[in-house]
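One gets the numbering used here by counting positions in the sequence shown from 1 and adding 10 to each. Virtual Cβ for every residue (Gly too), placed ideally from N, Cα, C. Since we're looking at a predicted model, the values are computed, not measured. Please read the structure below before turning to the comments.
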Amino acid sequence: MKTSKVLNILWDYFIMSVGTLVFVMAWTSFLIPNNLASGGLTGLTTILDYATNGKIPMDFTYALLNVVLLVAGFLFLGKAFGFKTIYVIAFSSLLFWLLPTYFPNLEVVDPNLDKIMIVLIGGAMESVGIGMILLRGGSTGGTDIVAMILNKYWPISPGKVYLYSDVFIVSSLLLIPVESGGGLVNMIYAFVVMLTFSFGVDYVLLGNKSSVQLLVFSKKYKEIADHIIYDVQRGVTALQSVGWYSQQESKVLLIILRKYQMNEVINEIKRIDKDAFVSVSSANSVYGEGFEEIKTGISLKKKKIEKSEVE
C-alpha cells in the first residue's frame, strides 16, 4: 500500500475522531445535562433514558440498536462504510460513557444562560460533528445510515431525511413527564435542536461540494494544463481562441474544481505565469466523474430485477 494512501486513511479517521468528539460533546455537555433531546437514534436512546430514569442508559441502547442498522450499511454502502461506521459507533459509545463519568466539568449547566442558547449551540455542534464524519464516509449510525442510503440513490438532501424521520421521535417527548425531560416545552426545544442540526449538516456537506468554473488565459497554457491534470487530478478542456486585438491564436483552459481547491490552483497558475488572466464563476449541479452522480430515483428492487434478467 502506498504511503500516500495510508496517510489519506489515517487522515480520514482523524477527521472522523474529531467529528465524533464534537458530536458527543454536543449531547453530554449541552443537551443531556439540561434535560434536552432531539431526533435521530441518539435522541431516541436519550428519550428512553429519560423515560426510565436512567434504568436504560443511552450509551448501551445507542450501541445495541446500531448493530442492527449496520447490516444496512454493509449491504448498500459497502464494506469501507461499514468499517468506518463501526469505528465511529464504538468511539462515540465510549465517549458517551467516558465524558460524563470522568469529565463532568464539561457539562454546561448554568441557570443564568438562556436555554435557547444551549439549544442552538448543541444543535450547531451536532451538525458540525456529524458533517465531518459523513464527509469522510463514516456515520454515527441510526438515521445517518438511512440518510446516506437514500442520498445515494435519490436526489434528496441528508438534512431533509433527518427532518422528516425525526419528527416522530421528538413527538414522543409528549409521553414523558416534564420533570423527566418531557412535555410540550421540551418538545419545542427538541424541534429547535433538530432544525438547527438539519440546516447545519446540509451547509457542512453541500458547502464542501460547491464547485467553481475557471477560464484561464495564458501563453503557458500547456504547463498549466499539465499541472491541473497530473497534480490536481482534474480535467481540462482547451478551447481554441483568438485575441481580437493581437489577432493571435491561442487556447483558453476551461477547468471545473471543487471550491476548496480554487485558491491553491490559482496560486499555482500565478506561479507558472504571473501574467495569466483567470476568470472564476460559481458552478452549480456539476455531474460527472469526480463530482456528483445523476440520481434517477430508480428503485433498488428494479435494479435487482434487471440484473437477474441479464444474468
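Subject >> Any 3 or more C-beta pairs closer than 8 Å across the segment 133 to 146 and the segment 204 to 211 >> reply: yes
Original post:
Ordered along the chain, which non-local residues of its own chain (more than five positions away) have a Cβ less than 6 Å from that of Thr247?
Top reply: Position 237 of the sequence shown, counting from 1, holds the residue named residue 247. Result list for Thr247: Leu264, in chain order.
**OP:** Taking all protein chains shown into account, decide if Phe178 is buried (16 or more other Cβ within 10 angstroms of its Cβ) or exposed.
**Re:** Here residue 178 is taken as the residue at index 168 of the sequence shown, counted from 1. That one is exposed.
Original post:
Taking only runs of the alpha helix (DSSP H) that begin and end inside the segment 212 to 255, which ones reach a length of at least 4 residues, in chain order?
Top reply: 231 to 237
Subject >> Member of Gln271, Ser292, Trp37 and Asn273 whose CA lies at the smallest distance from the CA of Leu109 >> reply: Taking the first residue of the sequence shown as 1, we reach residue 109 at position 99. Among Gln271, Ser292, Trp37 and Asn273, the Cα nearest to that of Leu109 is on Trp37.
Original post:
Going by DSSP, what residues sit across from Ile5 in a beta bridge?
Top reply: Given that the chain is displayed from residue 11 to residue 321, the structure contains no residue 5 and the question cannot be resolved.
Subject >> Reference Val78, options Tyr240, Ile96, Val275 and Ser48, closest by Cα >> reply: Start at 1 with the first residue of the sequence shown, and residue 78 comes out as number 68. It is Ile96 whose Cα lies nearest to the Cα of Val78.
Original post:
Does DSSP put Glu117 in a helix, a strand or coil?
Top reply: Position 107 of the sequence shown, counted from the first residue, corresponds to residue 117. In the structure shown, Glu117 sits in coil (DSSP, three-state: anything other than H, G, I, E or B).
Original post:
What is the C-beta distance between Ile155 and Gly83, in whole angstroms, given that I count them as a contact (C-beta under 8 Å)?
Top reply: Taking the first residue of the sequence shown as position 1, residue 155 is located at position 145. Taking the first residue of the sequence shown as position 1, residue 83 is located at position 73. That belief holds up - the Cβ atoms of Ile155 and Gly83 are roughly 5 Å apart, short of 8 Å.
**OP:** Entirely within the segment 136 to 175 and at least 4 residues each: give me those alpha helix (DSSP H) ranges in chain order.
**Re:** Entirely contained in the segment 136 to 175, the alpha helix (DSSP H) runs reaching 4 residues are, in chain order, 153 to 163.
Subject >> Test item: CB-CB of Ile166 and Thr150 under 8 Å >> reply: Here residue 166 is taken as the residue at index 156 of the sequence shown, counted from 1. Here residue 150 is taken as the residue at index 140 of the sequence shown, counted from 1. Contact flag unset, no.
**OP:** State the start and end residues of the unbroken alpha helix (DSSP H) segment that holds Thr13.
**Re:** Taking the sequence shown and counting its residues from 1, the one referred to as residue 13 is at position 3. Counting along the chain, the alpha helix (DSSP H) containing Thr13 begins and ends at Thr13 to Met35.
Original post:
Over what stretch of residues does the alpha helix (DSSP H) that includes Asn277 continue unbroken?
Top reply: Position 267 of the sequence shown, counted from the start, is the residue given in the question as residue 277. Counting along the chain, the alpha helix (DSSP H) containing Asn277 begins and ends at Met272 to Ile282.
Subject >> Local Cβ density within 10 Å of Asp120, reported as buried at 16 or more and exposed below that >> reply: In the sequence shown, residue 120 corresponds to position 110, counting from 1. The C-beta of Asp120 has fewer than 16 other C-beta atoms within 10 Å across all chains shown, which makes the residue exposed.
Original post:
Does the beta carbon of Lys12 sit closer than 8 Å to a beta carbon anywhere in chain B?
Top reply: The structure shown contains no chain B; it is built from a single protein chain.
**OP:** Check each candidate in Val28, Ser137, Asn18 and Ile99 and name the one with the smallest Cα separation from Gly49.
**Re:** For this step, residue 49 is matched to residue 39 along the sequence shown. When Val28, Ser137, Asn18 and Ile99 are compared, the shortest CA-CA separation from Gly49 is found for Ser137.
Subject >> N-terminal and C-terminal residue of the alpha helix (DSSP H) that Asp59 is part of >> reply: Position 49 of the sequence shown, counted from the start, is the residue given in the question as residue 59. Gly50 to Ala61 is the span of the alpha helix (DSSP H), which, as asked, contains Asp59.
**OP:** Tell me, please, which residues DSSP counts as bridged to Glu259.
**Re:** Stepping through the sequence shown from its first residue, residue 259 is reached at position 249. Looking at the DSSP output, Glu259 bridges to Val252.
**OP:** Can you give me the Cβ contacts of Val34 inside the same chain, cut-off strictly under 8 Å, excluding the 5 residues immediately before and after it?
**Re:** The residue given as residue 34 occupies position 24 in the sequence shown. These residues qualify, in order along the chain: Ser102, Leu105, Phe106, Leu109 and Gly139.
Original post:
For Val242, which residues from the same chain have a beta carbon less than 7 Å from its beta carbon, with the 5 sequence-adjacent residues on both sides left out?
Top reply: Mapped onto the sequence shown, residue 242 falls at position 232. Listed in chain order, the non-local C-beta contacts of Val242 below 7 Å within the same chain comprise Gln271 and Val275, local neighbours out to five positions each way being set aside.
**OP:** Would you mind giving the Cβ-Cβ distance between Asn273 and Gly152, rounded to the nearest angstrom? I have them listed as a contact below 8 Å.
**Re:** On the sequence shown, position 263 is the one that residue 273 refers to. On the sequence shown, position 142 is the one that residue 152 refers to. In this structure Asn273 is not in contact with Gly152, their Cβ atoms being roughly 36 Å apart against a cut-off of 8 Å.
**OP:** Tell me whether Leu160 counts as near the ligand ADP, meaning its Cβ is closer than 7 Å to at least one heavy atom of that ligand.
**Re:** The ligand ADP is not part of the structure shown, which contains no ligands of any sort.
Original post:
Between the C-alpha atoms of Asp59 and Ile66, what's the straight-line distance to the nearest angstrom?
Top reply: Residue numbering aside, residue 59 sits at position 49 when the sequence shown is read from its first letter. Residue numbering aside, residue 66 sits at position 56 when the sequence shown is read from its first letter. Distance between the alpha carbons of Asp59 and Ile66: 5 Å.
Subject >> Euclidean distance between Cα positions of Leu51 and Asp22 >> reply: For the purposes of this step, residue 51 is taken as the residue at position 41 of the sequence shown. For the purposes of this step, residue 22 is taken as the residue at position 12 of the sequence shown. Each residue's Cα considered, the two are about 24 Å apart.
**OP:** Using the Cα positions of Ser291 and Val262, report the straight-line distance between them to the nearest angstrom.
**Re:** As a working note, residue 291 is residue 281 in the sequence shown. As a working note, residue 262 is residue 252 in the sequence shown. Distance between the alpha carbons of Ser291 and Val262: 15 Å.
**OP:** Please list, in chain order, all residues of the same chain as Ile19 whose beta carbon is under 6 Å from its beta carbon, the five residues on each side excluded.
**Re:** Taking the first residue of the sequence shown as position 1, residue 19 is located at position 9. Cβ neighbours of Ile19 beyond the five flanking positions: none.
**OP:** For Lys69, I'd like the list of residues in its chain whose CB is within less than 7 Å of its CB, leaving aside the five on either flank, ordered along the chain.
**Re:** Position 59 of the sequence shown, counted from the first residue, corresponds to residue 69. According to the sequence shown, residue 69 is Asp rather than Lys. Result list for Asp69: Ser103, Phe106 and Trp107, in chain order.
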